[in-house]
Structures are given as structure tokens and as C-alpha cells.
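Novice:
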Amino acid sequence: MSASGLHSSDSLLIRLLRPTIDLLVRWKTVVLFAALVLTLVLAPISARLELEQSLESFFASDDPLLRDWLHSLEWFGRDEFVMVAYSDHQMVQENPDDPGAVRVDSVRLNRLRDFARKLSEVPGVVPESTLSLESLMRPKFGDSFAARVVARSYARKRQDEILAFGENIVISHDHQTTAVILRLQSAEDAPIRRAEVFRRIRDVALTYAPQPNDFDPESAAGDSAATDENDVQPGMPVPPSLPQPSRIDEDVNPNVAASAFVAGEPIQVNDMFRYVDQDSRVLGWASSGLLVATLLLLFRSLRWVVLPLLVVHVTLVWTKAILVLSGMRLSMVSSTLTSLVTIIGIATTTHVAVNYRELRLSHDRATAFRLTLLRLGPPVFWTCVTTAVGFGALLSSQIVPVQSFGMMLALAALLVMIVCAVILPGGVLDFRVDRDPRPTVAELRLVRFLQHLGRGVDRHPRTWLAGLVLLMGLTGIGLGMLRVETDFSKNFRESSQIVRALRFFEHRMGGVGTWEVNFPLPGPLEEESLKPVRELVDELRAIALPDGTGLTKVVALTDGVDFAPGSGVEQKLERMAVIQPEFISGLYNPDEQRMRISLRALEQKPAEVKLELIRQVTRTAQTHFPQARPTGFYLLLANLISSLLKDQLVSFLLASAGIFLCMTIAFRSPWIGLLSLLPNMFPLVLVIGGMGWLDVPINIGTAMIASVSMGLTVDSSIHYIAGYLRARDEGATYAEALKMTHGTVGVAMVFANVVLAMGFLVLALSNFIPLVYFGVLVSLSMLGGLLGDLAFLPLLLRWVPVKSKAIVEGLPTSQDVGAPSGVTGDRPTE
Numbered sequence: 121m122s123a124s125g126l127h128s129s130d131s132l133l134i135r136l137l138r139p140t141i142d143l144l145v146r147w148k149t150v151v152l153f154a155a156l157v158l159t160l161v162l163a164p165i166s167a168r169l170e171l172e173q174s175l176e177s178f179f180a181s182d183d184p185l186l187r188d189w190l191h192s193l194e195w196f197g198r199d200e201f202v203m204v205a206y207s208d209h210q211m212v213q214e215n216p217d218d219p220g221a222v223r224v225d226s227v228r229l230n231r232l233r234d235f236a237r238k239l240s241e242v243p244g245v246v247p248e249s250t251l252s253l254e255s256l257m258r259p260k261f262g263d264s265f266a267a268r269v270v271a272r273s274y275a276r277k278r279q280d281e282i283l284a285f286g287e288n289i290v291i292s293h294d295h296q297t298t299a300v301i302l303r304l305q306s307a308e309d310a311p312i313r314r315a316e317v318f319r320r321i322r323d324v325a326l327t328y329a330p331q332p333n334d335f336d337p338e339s340a341a342g343d344s345a346a347t348d349e350n351d352v353q354p355g356m357p358v359p360p361s362l363p364q365p366s367r368i369d370e371d372v373n374p375n376v377a378a379s380a381f382v383a384g385e386p387i388q389v390n391d392m393f394r395y396v397d398q399d400s401r402v403l404g405w406a407s408s409g410l411l412v413a414t415l416l417l418l419f420r421s422l423r424w425v426v427l428p429l430l431v432v433h434v435t436l437v438w439t440k441a442i443l444v445l446s447g448m449r450l451s452m453v454s455s456t457l458t459s460l461v462t463i464i465g466i467a468t469t470t471h472v473a474v475n476y477r478e479l480r481l482s483h484d485r486a487t488a489f490r491l492t493l494l495r496l497g498p499p500v501f502w503t504c505v506t507t508a509v510g511f512g513a514l515l516s517s518q519i520v521p522v523q524s525f526g527m528m529l530a531l532a533a534l535l536v537m538i539v540c541a542v543i544l545p546g547g548v549l550d551f552r553v554d555r556d557p558r559p560t561v562a563e564l565r566l567v568r569f570l571q572h573l574g575r576g577v578d579r580h581p582r583t584w585l586a587g588l589v590l591l592m593g594l595t596g597i598g599l600g601m602l603r604v605e606t607d608f609s610k611n612f613r614e615s616s617q618i619v620r621a622l623r624f625f626e627h628r629m630g631g632v633g634t635w636e637v638n639f640p641l642p643g644p645l646e647e648e649s650l651k652p653v654r655e656l657v658d659e660l661r662a663i664a665l666p667d668g669t670g671l672t673k674v675v676a677l678t679d680g681v682d683f684a685p686g687s688g689v690e691q692k693l694e695r696m697a698v699i700q701p702e703f704i705s706g707l708y709n710p711d712e713q714r715m716r717i718s719l720r721a722l723e724q725k726p727a728e729v730k731l732e733l734i735r736q737v738t739r740t741a742q743t744h745f746p747q748a749r750p751t752g753f754y755l756l757l758a759n760l761i762s763s764l765l766k767d768q769l770v771s772f773l774l775a776s777a778g779i780f781l782c783m784t785i786a787f788r789s790p791w792i793g794l795l796s797l798l799p800n801m802f803p804l805v806l807v808i809g810g811m812g813w814l815d816v817p818i819n820i821g822t823a824m825i826a827s828v829s830m831g832l833t834v835d836s837s838i839h840y841i842a843g844y845l846r847a848r849d850e851g852a853t854y855a856e857a858l859k860m861t862h863g864t865v866g867v868a869m870v871f872a873n874v875v876l877a878m879g880f881l882v883l884a885l886s887n888f889i890p891l892v893y894f895g896v897l898v899s900l901s902m903l904g905g906l907l908g909d910l911a912f913l914p915l916l917l918r919w920v921p922v923k924s925k926a927i928v929e930g931l932p933t934s935q936d937v938g939a940p941s942g943v944t945g946d947r948p949t950e
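Heads up, the sequence shown is in this note's numbering, so the first residue is 121 and it goes up one at a time.
1) Over what stretch of residues does the alpha helix (DSSP H) that includes tryptophan 584 continue unbroken?
2) I need the DSSP call for serine 886, collapsed to helix, strand or coil.
3) Please go through the same chain and pick out, in chain order, the residues whose beta-carbon is closer than 8 Å to the beta-carbon of alanine 341, but skip the five residues on each side of it.
4) State the start and end residues of the unbroken alpha helix (DSSP H) segment that holds isoleucine 717.
5) Suppose contacts are defined by Cβ-Cβ distances below 9 Å. Is leucine 677 in contact with leucine 650 by that definition?
6) Taking buried to mean at least 16 other C-beta atoms within 10 Å of its own C-beta, is serine 837 buried or exposed?
7) Taking the alpha-carbon of phenylalanine 608 as reference, which of Val619, Leu599, Met601 and Gly598 has the nearest alpha-carbon?
8) Skipping 5 residues on each side, what residues in its chain have a beta carbon closer than 6 Å to that of alanine 857?
9) Would you report the Cα separation of alanine 868 and valine 472, rounded to the nearest angstrom?
10) Applying the criterion that 16 or more other CB atoms from any shown protein chain within 10 Å of the CB defines a buried residue, is tryptophan 424 buried or exposed?
11) Roughly how many angstroms separate the alpha carbons of valine 396 and valine 870, rounded to a whole number?
12) Assuming isoleucine 779 and leucine 797 form a contact by the criterion Cβ under 8 Å, report the distance between their Cβ atoms to the nearest whole angstrom.
13) How would you write the range of the beta strand (DSSP E) that methionine 203 sits in, first residue to last?
14) Where do the N-terminal and C-terminal ends of the alpha helix (DSSP H) with leucine 302 fall, by residue?
15) Taking its Cβ as the centre, do 16 or more other Cβ atoms sit within 10 Å of glycine 512, making it buried, or is it exposed?
16) Among the candidates Gly244, Gln518 and Phe624, whose CA atom is the shortest distance from the CA of glutamine 768?
17) Any idea what DSSP makes of alanine 315, helix, strand or coil?
18) Among the residues of its own chain, which have a CB less than 7 Å from the CB of leucine 175, if the five just before and after it don't count?
19) Taking DSSP as the reference, what is the three-state secondary structure of threonine 751?
20) Comparing C-alpha positions only, which one of Leu251, Ser240, Glu287 and Lys260 sits nearest to phenylalanine 318?
21) Does the Cβ-Cβ distance between leucine 304 and proline 386 come in under 9 Å?
22) Using the Cα positions of arginine 490 and threonine 468, report the straight-line distance between them to the nearest angstrom.
23) Which one of Val892, Gln571, Leu671 and Asp667 has the shortest CA to CA distance from glutamate 659?
24) Starting from the C-beta of isoleucine 663, find all residues in its chain whose C-beta is less than 7 Å away, skip the five residues before and the five after it, and write them out in chain order.
25) Roughly how many angstroms lie between the CA atoms of arginine 420 and leucine 764, to the nearest whole one?
26) Identify the residues that DSSP records as bridge partners of glutamine 213: which are they?
27) Give every residue of the same chain whose Cβ lies closer than 6 Å to the Cβ of glycine 775, excluding the five residues on either side of it in the sequence, and list them in chain order.
28) Report yes if the C-beta distance between valine 577 and alanine 911 is below 9 Å; otherwise report no.
29) Could you say if the region 797 to 806 and the region 881 to 891 meet the contact criterion of at least three C-beta pairs nearer than 8 Å?
30) Within 10 angstroms of the Cβ of glutamine 747, are there 16 or more other Cβ atoms? Answer buried if so, exposed if not.
31) Hey, out of Val242, Leu460 and Arg394, whose CA is closest to glutamine 173's CA?
32) What residues match up with valine 245 in a beta bridge as DSSP calls it?
33) How far does the alpha helix (DSSP H) with lysine 440 in it extend, from its first residue to its last?
34) For tryptophan 405, does the count of other Cβ atoms within 10 angstroms reach 16, so buried, or fall short, so exposed?
35) From alanine 532 to phenylalanine 612, what does the alpha carbon distance come to, in whole angstroms?
36) Would you mind giving the Cβ-Cβ distance between arginine 716 and glutamate 636, rounded to the nearest angstrom? I have them listed as a contact below 8 Å.
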């Protein structure tokens with residue numbers, strides 16, 4: 121048996137490793153140059169990797185929620201709306217000629233018409249579908265004089281009914297806020313990108329929104345609500361030109377007159393992906409800058425700052441290029457690809473740097489580097505394999521973004537190993553500038569602290585074990601306190617544009633959470649067949665949960681029948697189609713004989729309140745129509761995190777089984793394979809349980825923290841176990857092996873985890889709150905894994921038989937690797 125307890129003749133990996141290392145070192149410059157050229161070739165391809173911005177992709181193809189949503193799109197079309205609202209306390213005024221009655225100010229209607237027209241001119245908006253209070257108050261039943269007279273008479277006589285119909289759609293309940301509803305073209309048909317459509321809508325809203333001070337309070341005195349631009353009487357002030365650029369009020373208190381807020385589910389989803397895309401790039405560079413400073417502080421070598429970052433970015437380019445060529449796209453979940461590749465790459469190169477620096481004390485550069493690769497080659501191999509297996513377990517998920525996340529990270533983990541093999545030989549041995557990493561001033565203190573920690577674990581194993589188990593138990597209680605975040609606005613900072621808009625609509629317009637309940641309605645549309653629909657609508661409007669939560673708006677086909685003029689259902693619907701073209705087709709499909717009722721609810725509500733409201737609506741609808749189904753964006757968003765969590769337990773169990781199998785093969789010991797899982801579960805329980813105690817909700821950034829934690833913390837365990845067994849096989853006692861391992865491998869583990877924790881804390885600056893949580897929790901997970909490997913794992917290794925075989929040889933001598941001429945002893949030479 122060798123010094124490490126491994127029969128080298130029995131290790132296929134070691135037999136393959138020696139000639140591979142010799143080949144890489146001999147052709148180091150050529151290999152490095154080829155790798156960099158390949159990276160330059162692949163860089164333009166990798167830049168084409170796009171972010172998949174589909175919310176539906178977060179649900180399994182057979183998920184009932186997704187199935188119902190897709191059926192609704194097939195029956196009624198994909199109606200996507202953006203709402204632009206502003207405060208106007210004088211739009212609806214008291215009527216001086218009729219005490220107790222109200223009148224709509226015609227000048228303000230004219231300004232609203234101009235504003236809506238300006239918004240409708242944005243490419244990507246369907247102009248004929250734009251809805252506002254002006255379009256309701258001035259319906260166009262035709263171009264003839266008679267049609268105009270009928271429309272004007274209708275608006276004058278039924279003003280109160282029009283206001284009621286448009287309530288929480290184009291006018292607020294208190295008549296203090298006015299909105300314009302814009303229907304979007306499909307993303308495929310729009311002449312410009314959807315993100316550009318939203319940008320232009322916001323620009324128009326900010327620039328041309330009517331302001332309260334743009335009007336003379338006396339300007340419309342005595343005028344009729346139905347007056348339009350052709351009805352201006354002599355002496356009446358003509359509406360001024362479009363106003364100067366307006367500002368959005370920072371305070372959206374309902375008592376403050378704010379202006380120009382833009383919201384809607386399409387724009388919410390767009391902003392979510394936009395923030396993820398922007399922050400992942402900007403913070404990626406900021407993280408790299410912080411990593412540079414930290415690596416420079418730890419190694420005091422510019423070369424050993426450049427090399428880890430080069431490994432990370434080459435790996436990223438190769439990974440992204442492969443994904444592009446295979447037709448894959450990033451998703452919200454896999455947008456953290458850069459961050460996670462950074463973890464794997466930095467951790468690997470940090471171990472190389474610390475080992476290489478140690479061996480340079482007694483060997484020349486080439487020999488020290490060969491010894492480093494020979495010592496770390498097998499641990500790095502198994503580290504990358506176990507990480508790939510851990511993330512590969514996510515392929516069992518039924519959700520496409522989760523599958524792609526697992527596939528991407530598994531690929532990246534394997535590529536890190538290859539990139540290190542082709543970059544590091546030339547990067548370490550070529551050139552003569554700043555070749556070796558140097559120890560920091562405080563490193564000796566760190567070594568002493570770690571060795572003191574090892575002695576404490578050795579001398580007081582029961583105390584340490586009891587303390588760690590107690591800590592796991594207490595934090596584990598927090599697992600039962602976890603809650604899921606369904607309030608979409610919580611994904612953004614309070615000061616963000618979208619949150620201010622959402623808060624404004626919640627206070628003024630009944631929110632933006634639109635959804636529906638649809639059901640079969642056979643037969644022709646007649647008063648008798650619409651009777652149960654009317655009854656259902658009345659009951660839906662009456663729903664109120666114990667906290668008062670209910671539906672803020674219910675729109676059914678019967679509302680259009682009651683609203684439009686005419687003598688029968690058919691004639692009324694024809695008139696309604698003129699007033700609002702998509703009203704009927706959006707609520708009834710005659711071919712499928714399917715009807716839906718459009719609903720709106722407040723978004724900023726706890727998950728349990730939302731889900732209870734959905735259940736009550738479903739029960740109410742099914743009492744009248746047993747086949748009624750609720751669906752819509754509101755439901756998808758409310759169940760998004762639950763969908764992500766649905767198969768995480770299966771993935772976690774598969775990852776644990778895969779890691780156990782890899783560790784068993786690597787160390788040739790099922791006992792080590794089993795024990796190695798416990799330290800990796802330690803940070804998992806610590807972090808997720810802590811989330812429960814601190815009331816940190818599970819959001820889209822933290823839904824898969826368990827899989828991420830398991831995939832990332834296993835590498836330190838492999839390095840530690842390999843170092844410990846190597847020391848035991850060289851004859852060290854348990855206490856001596858802990859001291860040696862803490863003083864060598866432990867230093868590299870601390871360096872790697874500190875560097876990564878610092879890098880990930882940069883994500884706390886993100887505008888997208890789930891990325892903030894992700895960055896902080898991954899940092900805590902890394903530090904928790906470090907504690908598990910330096911304190912928990914040594915306790916478990918006490919019961920590992922000394923005869924267990926390690927995955928690496930002990931430190932080979934220079935003769936083992938063929939020292940170059942000139943090496944005559946332990947003193948290093950160039």
C-alpha cells in the first residue's frame with residue numbers, strides 16, 4: 121500500500137493521470153494558445169445565448185394549471201393588456217344643474233382622448249382596441265348623422281351606467297383616477313421587440329399624461345358630458361396643446377394626486393426578466409472586480425488573480441456556446457449560471473494555488489506543478505463529477521427551466537475540469553512575471569486557528585457533536601415555518617418603477633391581478649340562457665373573505681348586454697362590438713360554446729389569502745356550472761413557486777443517491793459515501809431552516825437553494841476527506857491527521873469559500889429581490905458548508921477505518937514524476 125493507502129496499480133485514474141500531466145506540461149504553450157483561440161472563436165456564438173421570457177415554461181407540460189391556461193388561450197385568444205393611469209380629481213364633477221348628480225368634464229375627456237391616441241400610436245399596440253372613459257362616453261355607432269345623434273343621446277341619458285360599467289377599468293371607484301387600457305399585438309406580430317413597446321409606452325405616459333394643473337377648473341362649467349371636439353361652443357376654452365413632460369410622484373398614497381403609472385401583467389413579467397438580465401451582467405462584472413481584490417489580497421500575485429478569472433470566463437464562453445449550438449436558452453432559474461460557474465472555477469483554482477505554493481517551498485516550478493496536478497487531479501475529477509451528478513438530478517424535473525438549469529450546470533462543472541487542464545499548465549509555467557502565489561500576513565494565524573479547531577474537535581468530540589446536532593435541530597424547526605411568496609411586487613425594490621405603479625393600481629384601480637373562470641354554455645345567447653350567468657356574476661361580486669378580500673372587478677358578457685343600447689340580446693351585442701371590438705370574442709366562443717367571466721383581484725396579498733380566494737371562486741362557479749375552471753396569470757403567478765418546489769424533493773433524493781454512489785466509488789467505501797452526505801446537509805438545514813425562523817419567504821430565487829447547496833458544498837468534502845486519508849495512510853494518528861488537514865486543505869477551503877462569499881454578496885445590490893436572496897443565501901450556504909467540513913466532517917471521520925482507500929496517492933516524490941535535471945534536493949531551482 122502506498123503512503124496514501126491506495127494501491128497505485130489498482131487505480132485506473134492514476135495510471136491515466138501521469139502521462140496526461142506529462143503531455144499537458146510538455147505542450148503547455150500550444151495547448152494554452154489553442155484554448156484561447158477556441159475561446160475567441162466561440163465568444164460571438166456564446167453572446168447569442170438568450171433569456172427565455174415565457175412564464176408558461178415554469179410549469180410541467182401536464183400541469184392542470186398550465187393545461188387550463190392554454191385551453192383558455194385557444195378559446196379566447198391571448199389578450200395582453202397594459203394599463204396607463206393618472207389622477208384627475210376633476211374628471212367627474214358635481215353637476216350644478218342637478219344637485220346630487222355628477223357630470224363628466226368634456227375638456228378633460230378631450231385631453232384624455234389625445235392622450236389615448238398618443239398611446240395608441242406606439243408600435244405594437246392595437247389602436248382600434250384602446251379603451252378609455254372617453255371612448256365609452258362617446259361611443260361611435262356609425263358615421264351617419266343619425267348614428268351620432270343616437271350615440272350622443274345614449275351617453276347623456278346613461279352616464280351613471282357608463283361610469284358603473286367602466287369602474288375599476290377606465291375610472292376608479294371614487295372617480296379620482298382615470299385609466300387607458302391598451303391591447304398589445306402578439307410578440308410575433310409586433311413590428312418592434314416587446315421590451316421596446318413597453319419603453320415607448322412609458323415614455324409617452326411620462327411625457328404626455330394630463331396633469332391636474334393643466335386644466336382651468338371653470339373651463340367646462342355648463343358643458344355637457346357628451347361634448348366632443350366638434351361640439352365646442354363659442355366662448356368655451358379650447359383644450360391647450362399636449363402638456364410638458366410630467367413626473368411620476370414618488371409617493372403613491374391614495375390621497376396624493378400622482379400621474380402616469382404603467383402596469384399590467386405583460387409589463388410585470390418583462391420587468392422581471394429585464395432586471396435579471398441587466399443585473400446578471402452588471403453585477404457579474406462587479407462581482408469579478410471584488411473577486412480580483414480578494415484574490416489579490418489572499419495570494420498577492422497578479423498571475424493568480426488572472427488565472428482563476430480566466431478559467432471561469434473561458435468555461436462560461438464554452439458552456440454558453442454549446443448551449444447556443446444545441447438550441448437551448450437561459451431561463452429565469454438558469455440566469456445564475458455565471459455565479460455558479462464562478463463558484464466551481466474559483467474553488468478549483470484556489471486549491472491548486474494553495475497546493476502549488478506549498479510545493480514550491482521544496483521543488484522547482486515544473487515539478488511542483490506536476491506534483492500539484494497529480495495530488496489534486498483525482499479530487500478535482502470527482503469534485504466535478506459529483507457536482508455534475510448533483511445538478512444532473514434536476515433533469516428528473518417535469519419543468520423545462522429546471523431541467524435546463526440542471527443540464528447547464530452539469531455541463532459547466534465538467535468543463536471546469538477540462539478548462540483547468542488546458543489553461544493552468546501554460547498559465548502557471550509560461551512567462552516570467554509574478555509567477556508564484558505568496559502567503560498573506562495573517563495566514564499563519566489562520567493556520568493556527570484551524571489547527572486549534574482540529575484539536576478542539578479531537579479533544580471534545582461529544583461537545584462539538586452535541587452542539588452541531590442541536591444547531592441543526594433548532595434551525596430544522598424553521599423548515600415547518602417556511603412560506604411561499606406570491607406577491608409579485610415583492611420581487612422588486614420598493615423604489616422601483618414597477619412597484620410604485622403596482623401600488624398605485626392597488627390603491628386606486630383595484631389592482632392588476634387579472635384572471636378568469638370559464639365554463640361551457642351551450643345553445644344560443646338569449647336572456648334565458650344568460651340567467652345563470654347573471655346569478656353567478658352576482659355571487660362572485662359578493663364573495664368576501666374574513667379579512668374583507670374579494671374580487672375588485674367582475675366583467676361578464678351580461679354586463680355588455682345591460683350596457684349597450686338595443687331591444688334584444690343580439691342587437692345589444694352588435695352595438696357592444698362597436699363600442700369595444702374584442703368584448704364579445706374575449707368573453708364568448710360560439711364555436712366551442714364556451715364562456716368566461718373576467719376577474720380582477722389585489723396582487724399584494726399573502727399566498728394563503730390568494731389561494732383561498734381562488735378556491736371560493738371555483739366553488740361558487742362550479743355550483744352553477746360544474747365544469748367551470750379558473751385560470752389566468754393571477755393563478756400562474758400564485759402557484760409559480762409551488763410549481764418549482766413540486767419535484768424538488770425527488771431531485772434532492774436523486775442528487776443525494778448520486779453523490780453517495782460517486783463518493784463510494786471514489787473512496788471505495790460505502791461508509792465514507794454515507795458519512796459525506798451529512799456535512800453537505802448541514803448547510804442545507806442551516807440555511808433553509810434559518811429562512812423559516814427569519815420569515816424569509818421562498819421566492820423564485822430561493823426555490824432551488826437545496827439543489828444548489830448540495831451541488832456546491834460537496835467539493836470541499838472531497839478535498840478534506842482525501843487530505844485526511846492521505847495523512848492517515850502516511851502513519852498519522854487521528855489527531856495528527858486533523859492537524860495536518862486543517863493546516864493545508866483547510867486553508868484552501870477557507871480561501872475558496874471567503875472569496876466566493878464576498879463575490880456573491882455583490883448580488884445584494886440587485887434590483888431583483890430574488891437575486892438578492894440568492895446571493896446572500898448562497899454565501900451563507902458556502903460558509904455553512906465550510907463549518908460542516910471543518911467541524912462536522914472530522915467528527916464523523918473518527919469512525920472511518922484507516923484501511924479505507926483514498927482517491928489520490930500521497931504526495932509523490934520528484935522521482936515519481938520525473939524531476940527535470942537540476943533538481944538535486946529539496947531546494948527549488950528554476
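We put the CB at the ideal spot given by N, CA and C, even for glycine. Since we're looking at a predicted model, the values are computed, not measured.
Specialist: With the structure as the only source:
1) As a position in the sequence shown, residue 584 is number 464, starting the count at 1. Tryptophan 584 -> alpha helix (DSSP H) spans 581 to 597.
2) Along the sequence shown, read from residue 1 onward, the residue named residue 886 stands at position 766. Looking at serine 886 - three-state DSSP - the assignment turns out to be coil, as it is neither helix nor strand.
3) Here residue 341 is taken as the residue at index 221 of the sequence shown, counted from 1. Here the model assigns alanine 341 a pLDDT of 36, short of 50, so the residue's position is not dependable and the matter cannot be decided.
4) Taking the first residue of the sequence shown as position 1, residue 717 is located at position 597. From DSSP, isoleucine 717 is part of no alpha helix (DSSP H) but of the beta strand (DSSP E) over 714 to 721.
5) Along the sequence shown, read from residue 1 onward, the residue named residue 677 stands at position 557. Along the sequence shown, read from residue 1 onward, the residue named residue 650 stands at position 530. Yes, these two residues count as a Cβ contact at 9 Å.
6) The residue given as residue 837 occupies position 717 in the sequence shown. So serine 837 ends up on the buried side.
7) Against the sequence shown, residue 608 aligns to sequence position 488. For phenylalanine 608, the nearest C-alpha among the options comes from Val619.
8) Start at 1 with the first residue of the sequence shown, and residue 857 comes out as number 737. The residues are Tyr844, Ala847 and Arg848.
9) Here residue 868 refers to the residue found at position 748 of the sequence shown. Here residue 472 refers to the residue found at position 352 of the sequence shown. Looking at the two C-alpha atoms, the distance is approximately 9 Å.
10) Here residue 424 corresponds to residue number 304 of the sequence shown, with the count starting at 1. By the neighbour-count rule (16 or more Cβ atoms within 10 Å), tryptophan 424 is buried.
11) As a working note, residue 396 is residue 276 in the sequence shown. As a working note, residue 870 is residue 750 in the sequence shown. So the alpha carbons of these two residues sit roughly 30 Å apart.
12) Numbered from its first residue, the sequence shown carries residue 779 at position 659. Numbered from its first residue, the sequence shown carries residue 797 at position 677. Isoleucine 779 to leucine 797, Cβ: 7 Å. Contact.
13) Residue 203 sits at position 83 when you count from the first residue of the sequence shown. Looking at the DSSP string, the run of the beta strand (DSSP E) that includes methionine 203 is 201 to 207.
14) Position 182 of the sequence shown, counting from 1, holds the residue named residue 302. Counting along the chain, leucine 302 falls outside any alpha helix (DSSP H), though it belongs to the beta strand (DSSP E) covering 297 to 303.
15) Residue 512 sits at position 392 when you count from the first residue of the sequence shown. Using a 10 angstroms sphere on the CB of glycine 512, the tally of other CB atoms reaches 16 or more, which defines it as buried.
16) Within the sequence shown, the letter at position 648 stands for residue 768. Considering only alpha carbons, the answer is Gln518.
17) For the purposes of this step, residue 315 is identified with residue 195 of the sequence shown, where counting begins at 1. Three-state DSSP puts alanine 315 in a helix.
18) For the purposes of this step, residue 175 is taken as residue 55 along the sequence shown, with counting starting at 1. Once the five neighbours on either side are set aside, the close Cβ partners of leucine 175 are Val389 and Leu756.
19) Here the question's residue 751 lines up with position 631 in the sequence shown. Strand.
20) Residue 318 sits at position 198 when you count from the first residue of the sequence shown. The shortest Cα separation from phenylalanine 318 among Leu251, Ser240, Glu287 and Lys260 belongs to Ser240.
21) To locate residue 304, count along the sequence shown from 1; it is residue 184. To locate residue 386, count along the sequence shown from 1; it is residue 266. Yes, these two residues count as a Cβ contact at 9 Å.
22) Within the sequence shown, the letter at position 370 stands for residue 490. Within the sequence shown, the letter at position 348 stands for residue 468. Taking the straight line from one Cα to the other gives about 16 Å.
23) For the purposes of this step, residue 659 is taken as the residue at position 539 of the sequence shown. Taking only the C-alpha atoms, the option nearest glutamate 659 is Leu671.
24) Taking the sequence shown and counting its residues from 1, one reaches residue 663 at position 543. Leaving aside the five residues that flank isoleucine 663 on each side, the residues in its chain whose CB is nearer than 7 Å to its CB run, in chain order, Gly670, Leu671, Gln736, Val737 and Thr740.
25) The residue given as residue 420 occupies position 300 in the sequence shown. The residue given as residue 764 occupies position 644 in the sequence shown. Going by the C-alpha atoms only, they are around 43 Å apart.
26) Counting from one through the sequence shown, the residue named residue 213 turns up at place 93. Answer is Arg223, bridged to glutamine 213.
27) Sequence index remark: in the sequence shown, residue 775 carries index 655 (1-based). Residue identity check: residue 775 is alanine in the sequence provided, not glycine. Answer for alanine 775: Gly510, Ala513 and Met830, listed in chain order.
28) Position 457 of the sequence shown holds residue 577. Position 791 of the sequence shown holds residue 911. A contact, by the Cβ cut-off of 9 Å.
29) A contact is defined here as three or more CB-CB pairs under 8 Å, and the region 797 to 806 fails this definition with respect to the region 881 to 891.
30) As a position in the sequence shown, residue 747 is number 627, starting the count at 1. The residue is exposed, with fewer than 16 neighbouring Cβ atoms inside 10 Å.
31) If you number the sequence shown from 1, residue 173 lands on position 53. The residue with the shortest Cα to Cα distance from glutamine 173 is Arg394.
32) Here the question's residue 245 lines up with position 125 in the sequence shown. Partner(s): Leu304.
33) Within the sequence shown, numbered from 1, the residue matching residue 440 stands at position 320. Counting along the chain, the alpha helix (DSSP H) containing lysine 440 begins and ends at 423 to 445.
34) Your numbering for residue 405 matches position 285 in the sequence shown. Answer is exposed; the Cβ neighbour count stays below 16.
35) As a first step, residue 532 must be located in the sequence shown, where it is residue number 412. As a first step, residue 612 must be located in the sequence shown, where it is residue number 492. Using only the alpha carbons, I get a separation of about 29 Å.
36) Your numbering for residue 716 matches position 596 in the sequence shown. Your numbering for residue 636 matches position 516 in the sequence shown. Rounded, the Cβ-Cβ distance is 5 Å, consistent with contact.
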